[in-house]
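S.K.:
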Amino acid sequence: MDLYLKNRESKVGLRRAVKAMSRLLPEGHRMPSSDKILSYIERLAPKVSEEVHCFCKECVKYRDEATPEEMCSICHKNTELGQFYLFSIKVIVKYLFEHRNLASVLEDTVNRNSQDSINDISDGTVYKTLNSNRSRYDLTLIVGADGVRIRKGSKNELWVFLSTFVEIPIHLRESFITVLGLWYSEVKPNMNTFLRPFCIEVNSVGVTGIEWKHPHTGEICKTVVRIQVVVADAIARAIMQNTQQFNGKYGCNVCEVKTVKCAPQPEKKRIRVYPYEDNPKLRTAARMMNQARQAIETGRVVKGVKGPSALSIIPSLDISVCFVPEYMHCVLLGVTNQMIVLWTKKTGLWNISDHIFQIDVALKNICHQDFVHRAFAFEGMNGIIAKATHGTHNVG
Numbered sequence: 045m046d047l048y049l050k051n052r053e054s055k056v057g058l059r060r061a062v063k064a065m066s067r068l069l070p071e072g073h074r075m076p077s078s079d080k081i082l083s084y085i086e087r088l089a090p091k092v093s094e095e096v097h098c099f100c101k102e103c104v105k106y107r108d109e110a111t112p113e114e115m116c117s118i119c120h121k122n123t124e125l126g127q128f129y130l131f132s133i134k135v136i137v138k139y140l141f142e143h144r145n146l147a148s149v150l151e152d153t154v155n156r157n158s159q160d161s162i163n164d165i166s167d168g169t170v171y172k173t174l175n176s177n178r179s180r181y182d183l184t185l186i187v188g189a190d191g192v193r194i195r196k197g198s199k200n201e202l203w204v205f206l207s208t209f210v211e212i213p214i215h216l217r218e219s220f221i222t223v224l225g226l227w228y229s230e231v232k233p234n235m236n237t238f239l240r241p242f243c244i245e246v247n248s249v250g251v252t253g254i255e256w257k258h259p260h261t262g263e264i265c266k267t268v269v270r271i272q273v274v275v276a277d278a279i280a281r282a283i284m285q286n287t288q289q290f291n292g293k294y295g296c297n298v299c300e301v302k303t304v305k306c307a308p309q310p311e312k313k314r315i316r317v318y319p320y321e322d323n324p325k326l327r328t329a330a331r332m333m334n335q336a337r338q339a340i341e342t343g344r345v346v347k348g349v350k351g352p353s354a355l356s357i358i359p360s361l362d363i364s365v366c367f368v369p370e371y372m373h374c375v376l377l378g379v380t381n382q383m384i385v386l387w388t389k390k391t392g393l394w395n396i397s398d399h400i401f402q403i404d405v406a407l408k409n410i411c412h413q414d415f416v417h418r419a420f421a422f423e424g425m426n427g428i429i430a431k432a433t434h435g436t437h438n439v440g
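If you're matching positions, the sequence shown starts at 45 in the working numbering and goes up one per residue.
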């Protein structure tokens, strides 16, 4: 649609382009099959204007766009400015309530909540403590960030900052995922630079709230937005927390266990492992803040902490526990993949290679949930998981 508008193509050209892309994409894709359906999507899309922010490409620190010709006050160099884009959480929340019927979704969720079972984040103790005085339409953000190279051989990376809401039911949460920020540059993002404007805005809406008009009653309502959970893989998590990577000396984001180097092996890189400890010293927000101050003063990493994190200025967010284990790498490509390899490739009493046919029959008869579009055969599942979770295989 963007190419159609910018290049002023004819409707016939747009129709042919849509059909060509539809044929090229793998089976089960969600690309509109006609230009008419594509035009409906354009009408539904919110008209949200981006906020342009600048950074110094030398030190990757935040710069004021109004004074691009001045020397950077941090690195004292007159270098080219880079740009990144953020989308206002105020505008997004207001749009979701007024045009996406979010109020009705929240009301249905409240009616279905159970006091006796734990089904989701909203049933947990931490969430209930944070939201003990929650109003009817208040929201709790789940945010995450990840980066990818657009093409092989390119130095540029695209980093996307995404969000959804805890209060939305699991089966609808994917429909309410929104983009909060975009970073596209040959320079890797400094998360304190990238997230600084977002953190300031979240602190503001956490106090003053966001006003919107109820689409059915016409009532002016107010929503307070807080943030509680951050989802990111190991690489993104470390730069968001401003700590060492997972393979560093103090790479764990939960505790302060010191890694040890394994004995060197021929033609293999020496690796670090985490030794077992009965009662490891867990990280706390207050201790991490003190360690960040020490790191700034001494210029050295303190217990894995390199410096302060922009996320630590958000009162509702405990920087030491808010980063939850990430499902794709920890579960699908971690435990699940390891167990499937053990069951099918390794010799022992646990090997079930002789029973794979019966397992496949049982799997095909399972009535899977709505977010699972199709089932796979058990044989070769580990390869399919790796491709599907990394976006190189059609998952239905």
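Beta carbons: idealized from backbone N, C-alpha and C, even for Gly.
(1) Let me check understanding here. Comparing Cα to Cα, which of H399, A406, S77 lies closest to R59?
(2) Given a cut-off of 7 Å, decide if T222 and S198 are closer than it, judged by their beta-carbon atoms.
(3) Given 8 Å as the limit, is there contact between the stretch 340-349 and the stretch 290-304, that is, 3 or more CB pairs closer than that?
(4) Determine the closest residue to H412 out of H215, R107, T173, with distance taken between C-alpha atoms.
(5) Leaving out five residues on either side along the sequence, give the residues of the same chain with a beta carbon under 7 Å from the beta carbon of A339.
(6) Going by the CB atoms, is the gap between G250 and T267 shorter than 7 Å?
(7) Give me the residue from V204, C265, N395, F220 with the minimum Cα distance to S179.
(8) Looking at the structure shown, is G197 part of a helix, part of a strand, or coil, going by DSSP?
(9) Excluding sequence positions up to five away, which residues of its chain have a Cβ less than 6 Å from the Cβ of G191?
(10) Going by DSSP, what residues sit across from Q127 in a beta bridge?
(11) In three-state DSSP terms, what is N438?
(12) Considering just the uninterrupted stretch of the beta strand (DSSP E) at E142, what are its terminal residues?
(13) What residue range does the alpha helix (DSSP H) around V273 cover?
(14) How would you write the range of the alpha helix (DSSP H) that E255 sits in, first residue to last?
(15) I'd like to know whether the C-beta atoms of F367 and T237 end up nearer to each other than 7 Å.
(16) Enumerate, from N- to C-terminal direction, the unbroken alpha helix (DSSP H) stretches of 4 or more residues contained entirely within the stretch 331-414.
(17) Name, in chain order, the residues that DSSP records as bridge partners for T222.
(18) In three-state DSSP terms, what is Y228?
(19) Using the Cα positions of P213 and N175, report the straight-line distance between them to the nearest angstrom.
(20) Can you tell me the Cβ-Cβ gap for M242 and L224, rounded? I've got them flagged as a contact below 8 Å.
(21) Verify whether the separation of the beta carbon atoms of A329 and D362 is less than 7 Å.
(22) Count the other CB atoms, across all protein chains shown, that sit within 10 Å of the CB of S397; report buried if there are 16 or more and exposed otherwise.
(23) Tell me the rounded alpha-carbon separation between F141 and S148.
(24) For G435, collect the residues of the same chain with a Cβ closer than 7 Å to its Cβ; drop the 5 residues on either side in sequence, then sort them by chain order.
(25) Within its chain, find whatever has a CB closer than 6 Å to the CB of H143; leave out the 5 residues flanking it on each side and keep chain order.
(26) Using 10 angstroms around the beta-carbon of H120, count the other beta-carbons present and answer buried if the total reaches 16, otherwise exposed.
(27) By DSSP, does E103 sit in helix, in strand, or in coil?
(28) I'd like to check one pair, V135 with V92: are the Cβ atoms closer than 7 Å?
(29) Do you know how far the Cα of E321 is from the Cα of H97?
(30) Quick check on the DSSP output: the alpha helix (DSSP H) that includes M284 runs from which residue to which?
M.R.: Reading from the atomic positions:
(1) One-based indexing of the sequence shown puts residue 59 at position 15. Closest option to R59, Cα to Cα, is S77.
(2) To locate residue 198, count along the sequence shown from 1; it is residue 154. To locate residue 222, count along the sequence shown from 1; it is residue 178. Taking 7 Å as the Cβ cut-off, S198 and T222 do not qualify as a contacting pair.
(3) yes
(4) For the purposes of this step, residue 412 is taken as residue 368 along the sequence shown, with counting starting at 1. Nearest of H215, R107, T173 to H412, Cα basis: H215.
(5) Here residue 339 is taken as the residue at index 295 of the sequence shown, counted from 1. Once the five neighbours on either side are set aside, the close Cβ partners of A339 are V345, V346, V349, K350, G351.
(6) Against the sequence shown, residue 267 aligns to sequence position 223. Against the sequence shown, residue 250 aligns to sequence position 206. No, these two residues do not count as a Cβ contact at 7 Å.
(7) Residue mapping note: residue 179 aligns to position 135 of the sequence shown, counting from 1. Checking every option, the nearest Cα to that of S179 belongs to C265.
(8) Taking the sequence shown and counting its residues from 1, one reaches residue 197 at position 153. Reduced to three states, the DSSP call for G197 is coil.
(9) Mapped onto the sequence shown, residue 191 falls at position 147. For G191, where only same-chain residues beyond five positions count, the Cβ hits under 6 Å are E201, W203.
(10) Numbered from 1 along the sequence shown, position 83 holds the residue referred to as residue 127. Bridge partners of Q127: C98.
(11) Position 394 of the sequence shown, counting from 1, holds the residue named residue 438. Confidence in N438 is poor, its pLDDT being 39 and thus under 50, which makes the residue's placement unreliable; the coordinate value appears in the next sentence. Coil at N438, not helix or strand.
(12) Counted from its first residue, the sequence shown places residue 142 at position 98. Not the beta strand (DSSP E): E142 falls in the alpha helix (DSSP H), residues 133-143.
(13) Position 229 of the sequence shown holds residue 273. Element bounds for V273: not the alpha helix (DSSP H) but the beta strand (DSSP E), 269-275.
(14) In the sequence shown, the residue the question calls residue 255 occupies position 211. No alpha helix (DSSP H) holds E255; the beta strand (DSSP E) holding it covers 254-257.
(15) Residue 367 sits at position 323 when you count from the first residue of the sequence shown. Residue 237 sits at position 193 when you count from the first residue of the sequence shown. Not in contact: F367 and T237 (Cβ atoms no closer than 7 Å).
(16) 381-389, 400-408
(17) Here the question's residue 222 lines up with position 178 in the sequence shown. Answer is S207, bridged to T222.
(18) The count along the sequence shown starts at 1 and reaches residue 228 at position 184. Of the three classes helix, strand and coil, the one that applies to Y228 here is strand, per DSSP.
(19) As a position in the sequence shown, residue 213 is number 169, starting the count at 1. As a position in the sequence shown, residue 175 is number 131, starting the count at 1. Going from the Cα of P213 to the Cα of N175 covers about 17 Å.
(20) Locating residue 242 in the sequence shown gives position 198, counting from the first residue. Locating residue 224 in the sequence shown gives position 180, counting from the first residue. Looking at the sequence provided, one finds Phe at residue 242 rather than Met. Confirmed, about 6 Å.
(21) Residue mapping note: residue 329 aligns to position 285 of the sequence shown, counting from 1. Residue mapping note: residue 362 aligns to position 318 of the sequence shown, counting from 1. Contact flag set, yes.
(22) The count along the sequence shown starts at 1 and reaches residue 397 at position 353. By the neighbour-count rule (16 or more Cβ atoms within 10 Å), S397 is not buried but exposed.
(23) Here the question's residue 141 lines up with position 97 in the sequence shown. Here the question's residue 148 lines up with position 104 in the sequence shown. Looking at the two C-alpha atoms, the distance is approximately 9 Å.
(24) For the purposes of this step, residue 435 is taken as the residue at position 391 of the sequence shown. With a pLDDT of only 47 at G435, under the threshold of 50, the placement of this residue in the model should not be trusted, and no figure is reported.
(25) Within the sequence shown, residue 143 is the residue found at index 99, counting from 1. Closer than 6 Å at the Cβ level, and outside the excluded window around H143, lies no residue.
(26) Start at 1 with the first residue of the sequence shown, and residue 120 comes out as number 76. Burial call: exposed.
(27) Here residue 103 corresponds to residue number 59 of the sequence shown, with the count starting at 1. Per the sequence presented here, residue 103 reads as Cys, with Glu not at that position. It is coil, neither helix nor strand.
(28) Counted from its first residue, the sequence shown places residue 92 at position 48. Counted from its first residue, the sequence shown places residue 135 at position 91. Closer than 7 Å, so yes.
(29) Here the question's residue 97 lines up with position 53 in the sequence shown. Here the question's residue 321 lines up with position 277 in the sequence shown. Taking the straight line joining both Cα atoms gives about 45 Å.
(30) On the sequence shown, position 240 is the one that residue 284 refers to. Element bounds for M284: 278-285.
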